[in-house]
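With the UniProt record's numbering, the residue at position 141 of the sequence shown is 141, and numbering never jumps.
A short write-up of the structure that comes next.
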Amino acid sequence: MSTPLILVIDDETNIADLAKMYLTKEGFEVITAEDGDEGLQLFRSRNPTLIVLDLMLPGVDGWEITRQIRKDSNVPIIMLTARSEDVDRIVGLELGADDYLTKPFNPRELVARVKAVLRRYTAMPAVEDNHSDKNRIIVGDIVIDLRQHTVEIAGRNVELRAKEFELLTTFAQSPNSVFDREKLLNQVWGYEYYGDSRTIDVHITHLREKLEGSQVKIQTVWGVGYKLVVQ
1 MSTPLILVID
11 DETNIADLAK
21 MYLTKEGFEV
31 ITAEDGDEGL
41 QLFRSRNPTL
51 IVLDLMLPGV
61 DGWEITRQIR
71 KDSNVPIIML
81 TARSEDVDRI
91 VGLELGADDY
101 LTKPFNPREL
111 VARVKAVLRR
121 YTAMPAVEDN
131 HSDKNRIIVG
141 DIVIDLRQHT
151 VEIAGRNVEL
161 RAKEFELLTT
171 FAQSPNSVFD
181 REKLLNQVWG
191 YEYYGDSRTI
201 DVHITHLREK
211 LEGSQVKIQT
221 VWGVGYKLVV
231 Q
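Following this line, the structure appears as structure tokens:
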């Protein structure tokens, strides 16, 4: 298996160098960029496995970089921000970032997040039999193909981002079961619950939009979490 390539885009060289040092120690190959233009160039030329992206960059900022990347790729993105406002995090997640960290951060936590995101992206089993029902989950009018990583909703093919696919799969494997935020973070994001539910809530909102017109709904269980039901 090839070594995962991590692209770190951050104009603060001390942070980029620190991230590179810790990630390299864990066996990753790391390349860095100091601004958005260089970062986009490296993304297109090197095809990284994951991107660590600073939000506040000179020139092309992290939001615009995420928009451009998401036009062509579902590569995992972990966003870094020195600002603590919820709106920055929410906008980043809505644009397609998979996770975020607020500066200053412990570099060991960055390593843990990188591993968790990559673990989820590579967790789908390799299956040889295209026609085996083990490859598919069918709930109501939804068909999830685990091998092809595709979803059919009410007879139409719907493109889901990686985390949306993993959330829907998690719910569909246990319909009518209630999942609290801690369990969803552990199963889908792969790390412990730190008390901020925004990450999950934003992805649930997007998933509900894509389920419009389906028999399948994601219901809020107030004070507890969410569950998938067929109406």
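In this text, a Cβ means the ideal position worked out from N, Cα and C, and glycines have one as well.
Between which residues of its own chain and Thr169 is the CB-CB distance below 8 Å, once the five residues before and five after are set aside? Ile137, Ile144 and Leu146
State yes or no: is the C-beta of Val178 within less than 8 Å of the C-beta of Lys227? yes
How close, in whole Å, do the beta carbons of Val75 and Leu50 come, if the pair is a contact with beta carbons under 8 Å? 7 Å
Presumed contact (8 Å Cβ cut-off) between Gly27 and Thr3, rounded CB distance: 7 Å
Looking only at its own chain, which residues have a Cβ that is under 7 Å from the Cβ of Lys217, when we skip the five neighbours before and after it? Leu211, Val229 and Gln231
Between Ile65 and Ile9, how many whole angstroms is the CB-CB distance? I'm expecting something under 8 Å. So it is a contact: roughly 7 Å between Cβ atoms.
Buried or exposed by the 16-neighbour rule on C-beta atoms within 10 Å, applied to Ala82: exposed
Could you name each continuous beta strand (DSSP E) segment of 3 residues or more that falls completely within the segment 6-45, going from the start of the chain to the end? As far as the segment 6-45 is concerned, its whole beta strand (DSSP E) runs of at least 3 residues are 29-33.
Look up Thr66 in the DSSP assignment and say whether it is helix, strand or coil. helix
Decide if Ser214 is buried, meaning its Cβ has at least 16 other Cβ atoms within 10 Å, or exposed. With a threshold of 16 other beta carbon atoms within 10 Å, Ser214 meets it and is buried.
Tell me, please, which residues DSSP counts as bridged to Lys103. According to DSSP, Lys103 bridges with nothing at all.
Inspect the beta-carbon positions of Arg108 and Gly190 and report whether they are closer than 8 Å. No. Outside cutoff.
Between the CA atoms of Asn176 and Arg198 - distance to the nearest angstrom: 23 Å
Buried or exposed for His149, please, with buried defined as at least 16 other CB atoms from any protein chain shown within 10 angstroms of its CB. exposed
Tell me, to the nearest whole angstrom, how far the beta carbon of Ala33 is from that of Leu42; I am working on the premise that it is less than 8 Å. 5 Å
Using DSSP with H/G/I as helix, E/B as strand and the rest coil, what is Val178? coil
Among Gly39, Val139, Glu29 and Glu166, nearest to Gly155 - alpha-carbon criterion: Val139
Local conformation of Gln187 per DSSP, three classes: Helix at Gln187.
For Leu93: DSSP bridge partner residues: Note: Leu93 sits in no beta bridge, so no partner.
Measuring CA to CA, which of Ala16, Lys20 and His206 is closest to Lys163? Comparing Cα-Cα distances from Lys163 to each of Ala16, Lys20 and His206, the minimum goes to His206.
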